[in-house]
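If you're matching them up, the sequences are chains A, B and C in order.
Under my numbering, residues 259 to 823 are what the first sequence spells out, in order.
Under my numbering, residues 128 to 370 are what the second sequence spells out, in order.
Under my numbering, residues 8 to 61 are what the third sequence spells out, in order.
We treat Cβ as the ideally placed atom computed from N, Cα and C, and that holds for glycine.
Note sheet for the following structure.
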Amino acid sequence: MSVVLGLSGEYHDAAAALVVDGKIVVAIQEERLSRIKNDPSLPIDAARACLKFANIAAGDVDRVVFYENPVAKLERVLTSTLRVFPRALAQWPRAVGAQLGSKVWVVDRIAEQLGVARSKVTWTEHHKAHAAAAFYCSPYPSAAVLTVDGVGEETSTALWHGTDAALAALGSIDFPHSLGLLYAALTAYLGFEVNEGEYKVMGLAAYGQPCMRESFAEIVQLHGDGTFELALPYFAHHADTELGFGPALERLLGPRRAPHRPWDLTSDDDGRYADIAATLQQVTEEALLALARAARRTTGERALCLAGGVALNAVANARIAREAGFERVHVHPAAGDAGGALGAAILGALELGDPRPAPLRSAALGLPIDTAAAADLARELGLTIRTSANVADETAELVAGGKIVAFCQGRFEWGPRALGQRSILADPADPESRERLNRAIKRREPFRPFAPAVLREHASTYFDGAPDDMTPFMTTVCPVRDGHDLPAVRHVDGSARVQTVDDASAPELAGVLRALAARTGRPIALNTSFNGAGEPIIASEIDALGFLISHPIDALVIGDLVVTR
Amino acid sequence: MRRALVRVVTPLVWRVPGHGARKLMGFARAEQGSRIDLLHAAQRTPSLARRALYLRHAVDETRHAGMFWRRANELRPGFSPPVADTERLFERLGETRFLAFVHRGEQRGRQQFELYAKHFAARGDSRTEALFQAILVDEERHERYTRELLVELAGSEAAARTELRRVALWQAWRMWRRAGRTLANGLFVLAMTALYLVCGPIAAIGSRLRRPKQLAKRWKELPEADERVPERGARLGEEAGLP
Amino acid sequence: MIGRLRTVGAILRHFASRQRWFLLPLLFVLLLAGILLVATGGLSYVAPFVYSIF
Numbered sequence: 259m260s261v262v263l264g265l266s267g268e269y270h271d272a273a274a275a276l277v278v279d280g281k282i283v284v285a286i287q288e289e290r291l292s293r294i295k296n297d298p299s300l301p302i303d304a305a306r307a308c309l310k311f312a313n314i315a316a317g318d319v320d321r322v323v324f325y326e327n328p329v330a331k332l333e334r335v336l337t338s339t340l341r342v343f344p345r346a347l348a349q350w351p352r353a354v355g356a357q358l359g360s361k362v363w364v365v366d367r368i369a370e371q372l373g374v375a376r377s378k379v380t381w382t383e384h385h386k387a388h389a390a391a392a393f394y395c396s397p398y399p400s401a402a403v404l405t406v407d408g409v410g411e412e413t414s415t416a417l418w419h420g421t422d423a424a425l426a427a428l429g430s431i432d433f434p435h436s437l438g439l440l441y442a443a444l445t446a447y448l449g450f451e452v453n454e455g456e457y458k459v460m461g462l463a464a465y466g467q468p469c470m471r472e473s474f475a476e477i478v479q480l481h482g483d484g485t486f487e488l489a490l491p492y493f494a495h496h497a498d499t500e501l502g503f504g505p506a507l508e509r510l511l512g513p514r515r516a517p518h519r520p521w522d523l524t525s526d527d528d529g530r531y532a533d534i535a536a537t538l539q540q541v542t543e544e545a546l547l548a549l550a551r552a553a554r555r556t557t558g559e560r561a562l563c564l565a566g567g568v569a570l571n572a573v574a575n576a577r578i579a580r581e582a583g584f585e586r587v588h589v590h591p592a593a594g595d596a597g598g599a600l601g602a603a604i605l606g607a608l609e610l611g612d613p614r615p616a617p618l619r620s621a622a623l624g625l626p627i628d629t630a631a632a633a634d635l636a637r638e639l640g641l642t643i644r645t646s647a648n649v650a651d652e653t654a655e656l657v658a659g660g661k662i663v664a665f666c667q668g669r670f671e672w673g674p675r676a677l678g679q680r681s682i683l684a685d686p687a688d689p690e691s692r693e694r695l696n697r698a699i700k701r702r703e704p705f706r707p708f709a710p711a712v713l714r715e716h717a718s719t720y721f722d723g724a725p726d727d728m729t730p731f732m733t734t735v736c737p738v739r740d741g742h743d744l745p746a747v748r749h750v751d752g753s754a755r756v757q758t759v760d761d762a763s764a765p766e767l768a769g770v771l772r773a774l775a776a777r778t779g780r781p782i783a784l785n786t787s788f789n790g791a792g793e794p795i796i797a798s799e800i801d802a803l804g805f806l807i808s809h810p811i812d813a814l815v816i817g818d819l820v821v822t823r
Numbered sequence: 128m129r130r131a132l133v134r135v136v137t138p139l140v141w142r143v144p145g146h147g148a149r150k151l152m153g154f155a156r157a158e159q160g161s162r163i164d165l166l167h168a169a170q171r172t173p174s175l176a177r178r179a180l181y182l183r184h185a186v187d188e189t190r191h192a193g194m195f196w197r198r199a200n201e202l203r204p205g206f207s208p209p210v211a212d213t214e215r216l217f218e219r220l221g222e223t224r225f226l227a228f229v230h231r232g233e234q235r236g237r238q239q240f241e242l243y244a245k246h247f248a249a250r251g252d253s254r255t256e257a258l259f260q261a262i263l264v265d266e267e268r269h270e271r272y273t274r275e276l277l278v279e280l281a282g283s284e285a286a287a288r289t290e291l292r293r294v295a296l297w298q299a300w301r302m303w304r305r306a307g308r309t310l311a312n313g314l315f316v317l318a319m320t321a322l323y324l325v326c327g328p329i330a331a332i333g334s335r336l337r338r339p340k341q342l343a344k345r346w347k348e349l350p351e352a353d354e355r356v357p358e359r360g361a362r363l364g365e366e367a368g369l370p
Numbered sequence: 008m009i010g011r012l013r014t015v016g017a018i019l020r021h022f023a024s025r026q027r028w029f030l031l032p033l034l035f036v037l038l039l040a041g042i043l044l045v046a047t048g049g050l051s052y053v054a055p056f057v058y059s060i061f
């Protein structure tokens, strides 16, 4: 038996993943356990939880693989800060302190805190970890693989060719030229938090027109062959992993948007920001398309795998699927750095001689719910609970009746999307549900759309292009077909970030959708993640009950229990 | 003594423009930090009754954090939502001493907020007064239940008082360490800044002269790739470094 | 401790392989400073989570 633990962290999205004999056993993001959003700290709790779940002692672990090379990263940080001397003076002490005081010793700290021999702990390369997660979890025996993110050690974009159990590196684009950092800089410019706001920018883009191409041509140049360049004077060229923007960007695009100002998309001001978002989105899409086409030309493959933070851009993924010339496209459900932990574990397993894992059918790789503990705690909290004879049916009845139901089943999801394990469900045709959800429960900006979950076998009736290899993990968007009134899940541009559900991917949710179809004629539910504003997705029954007592949802369905206030 | 200090300092501190908003944000972060620690406590305590109590307390702290944050933004827009980290106090202190810690925190919070409520009532700022009054109701409850639990876990009133004393000592020690760390940090920043200024030019020149060949690999292996492209990318990086 | 030396070896090997010789003296100084910083607890996380008086 070979046991490999993969870890990611130190910068953002710490996670741990366990692969035993080439099979993916469990994968957990640290934030789910620590309740700190995007928790970057070393995922020791997640690692211990993985081992506990698999009933394996730390001493029995054969290999621990960290998802990036901390020494290469140190070198890049040092040289890039020195190269722009003296501009990075303010960043230098902090960067050096972080790197040499803590980050470069990550492997030693892992060994100490986990109780694993130092000789068993190694690292892999950041983009290779992304590529491994993307390719080896995909259903393709061979494929082109594109990894696009902010920056790893040095690389921001990389192209690979995956065949069977091997990944060959074909080319890369290095820091400071990076699509991820471009998007992050503009995210900060638009007043959102970096690494959380990018998704909001994508949603905002649909409210604007891409009319600022000329200005953007000054910031980033796309060459036809897939490569691109950032015009560095517009960006804050620091040693940090976050690339901010400089005053030159504000001179070009206008003053930045103050963070946390309420949005009014009818105003000229916010309209302009929406246009900037729309232009950014279009430029990013074109850059990714060019990269994808280069991948097709070079590898000749018919399938494409995507990973890296930029692959979370579902709208761009949809364009790639349509226009890049590939027949099939797959995006790893945890496309961000968390996925690197799984990729690292798989690479470790392959090195030990294990076979490639089976294609990922479901993202439910986390820890299961303890229904008995939930019942005990609910009673102690003074809540009303009852055991349901047919949970799918009862949930469907509540949803069809316009109620907002928190749905907690099985093992929590791997990646940022809720896919029926920790979801809030509502009626997709009810605009009032959407309004109540946005305002009172999730407390989000009004332009943020919600996503639908639909039974896979009926997906094509309602959504163009569904189902495909991306829809089970909600990593793409599809246009809503004419004639279907789904105001709560349809974005202003007519698209929806669809999740196609079947018994392999999310059996409990599939049951609810079937029951919904029997009631309303449509096997569709609004599916948003089960978490409050600014907190990570719910993991345990404790978090779930805490949410119930502090948010105005109508019911919590947890296992076969229905809990109300 | 602390209360006397607070009474003296309060009117001055809240009068400084902008500082009030920052203080409220500080309180928001304190509530958020408390929330995380209480959630961890709920996860780790072996007792069901205490799990429920910690969970309700954590929910209160979340609400308080939001209330402080919103009021801070009303006074001075632009604060991000409070983010907190954890010192893993439940693990470090054990449940009994953790309870003592939380109790002391709630007690001090309650005392301070009573004074602040009076201060804002006198100043005529009814909104901020109402904020503190609302939170006070919860703080009083938290102070009470943590004391009761502490006596229960410690075993007796006397043992509870001992725990409170011990935790007070630990907090004083922490403040001392914190001061030391701030000093060490400050010295480090100074030393590194000096180092950067001294070594910077040398390293920058050396860096530019000797670029490893690997960096020029870019898209070279791909068909139809423009041979000039990697060079262009490399040159831009250098240009950006010019002062 | 032995493990840390392993990492130091990896650092030296990496910088050597990239021909960053001129950075090695600087690296040495930084490493020392980093060690001192950690030893004095300068980098460990310290929560400012108190209701500050000032």
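Residue i: which of the options sits nearest, CA to CA?
i, options, result
"Ile-18(C)", "Ala-392(A), Ala-684(A), Glu-333(A)", "Glu-333(A)"
"Gly-420(A)", "His-435(A), Arg-702(A), Gly-660(A), Leu-404(A)", "Leu-404(A)"
"Gly-429(A)", "Ser-414(A), Ala-423(A), Ala-442(A)", "Ser-414(A)"
"Val-325(B)", "Ala-574(A), Glu-326(A), Leu-347(A)", "Leu-347(A)"
"Leu-216(B)", "Gly-232(B), Phe-259(B), Pro-144(B)", "Gly-232(B)"
"His-742(A)", "Ala-783(A), Phe-721(A), Lys-458(A)", "Phe-721(A)"
"Leu-214(A)", "Asn-312(B), Pro-173(B), Gln-159(B), Thr-189(B)", "Nothing can be reported for residue 214(A), as the shown portion of chain A is limited to 259 through 823."
"Ile-604(A)", "Ala-316(A), Val-379(A), Tyr-394(A)", "Tyr-394(A)"
"Arg-268(B)", "Val-136(B), Gln-234(B), Gly-221(B)", "Gln-234(B)"
Below 7 Å on C-beta distance, what does residue i contact in chain C?
i, result
"Asp-366(A)", "Gly-10, Arg-11, Thr-14"
"Arg-183(B)", "Here the premise fails: no neighbours, minimum Cβ distance about 20 Å."
Is it buried or exposed, residue i, if we count other Cβ atoms within 10 angstroms and call 16 or more buried?
i, result
"Trp-381(A)", "buried"
"Thr-499(A)", "In this prediction, Thr-499(A) scores a pLDDT of 44, lower than 50, which makes its location untrustworthy; no coordinate-derived value is stated."
"Ile-9(C)", "exposed"
"Thr-786(A)", "buried"
"Glu-799(A)", "buried"
"Cys-469(A)", "exposed"
"Ala-593(A)", "buried"
"Ser-763(A)", "buried"
"Gln-341(B)", "Residue confidence is low: Gln-341(B) scores 39 on pLDDT, short of 50, so the model does not pin down where it sits. No coordinate-derived value is stated."
"Gly-307(B)", "exposed"
"Trp-363(A)", "buried"
Looking at the strands, I want to know which residues DSSP matches up with residue i.
i, result
"Arg-27(C)", "The partner list for Arg-27(C) (beta bridge, DSSP) is empty, contrary to what the question assumes."
"Val-663(A)", "Leu-683(A), Ala-813(A)"
"Pro-710(A)", "Leu-784(A)"
"Ile-286(A)", "Ala-274(A)"
"Ala-401(A)", "Gly-420(A)"
"Val-738(A)", "Phe-721(A)"
"Lys-361(A)", "Per DSSP, none; premise fails for Lys-361(A)."
In chain C, which residues lie with their C-beta within 8 Å of the C-beta of residue i?
i, result
"Trp-363(A)", "Arg-11, Thr-14"
Under 9 Å Cβ-Cβ, which residues of chain C neighbour residue i?
i, result
"Val-294(B)", "What Val-294(B) touches in chain C: nothing, since even the nearest Cβ is about 13 Å away."
"Val-371(B)", "Nothing about residue 371(B) can be read from this structure; chain B reaches only from 128 to 370."
Under 8 Å by Cβ, that's how I've got residue i and residue j pegged, so tell me the actual separation to the nearest angstrom.
i, j, result
"Ala-274(A)", "Ala-305(A)", "4 Å"
"Ile-807(A)", "Val-186(B)", "6 Å"
"Tyr-441(A)", "Val-568(A)", "7 Å"
"Leu-546(A)", "Val-406(A)", "7 Å"
Counting only Cβ pairs nearer than 8 Å, list the residues of chain A close to residue i.
i, result
"Phe-315(B)", "Pro-351, Gly-355"
"Met-194(B)", "None at all; the shortest Cβ gap to chain A is about 13 Å."
Who are the neighbours of residue i on chain B, taking C-beta pairs under 7 Å?
i, result
"Leu-44(C)", "Ala-311, Phe-315"
Under 7 Å Cβ-Cβ, which residues of chain A neighbour residue i?
i, result
"Pro-328(B)", "Phe-343"
"Tyr-323(B)", "Leu-347, Trp-350"
For residue i, go through chain B and note every residue whose CB falls closer than 9 Å to its CB, in chain order.
i, result
"Arg-519(A)", "Pro-204, Gly-205"
Residue i versus chain B: which residues are under 8 Å apart at the beta carbon?
i, result
"Ala-23(C)", "Those within 8 Å of Ala-23(C) in chain B number zero; the least Cβ separation is about 11 Å."
Measuring from the CB of residue i, is there a heavy atom of the ligand GDP at a distance below 7 Å?
i, result
"Val-756(A)", "Although the ligand GDP was asked about, the structure shown includes no ligands whatsoever."
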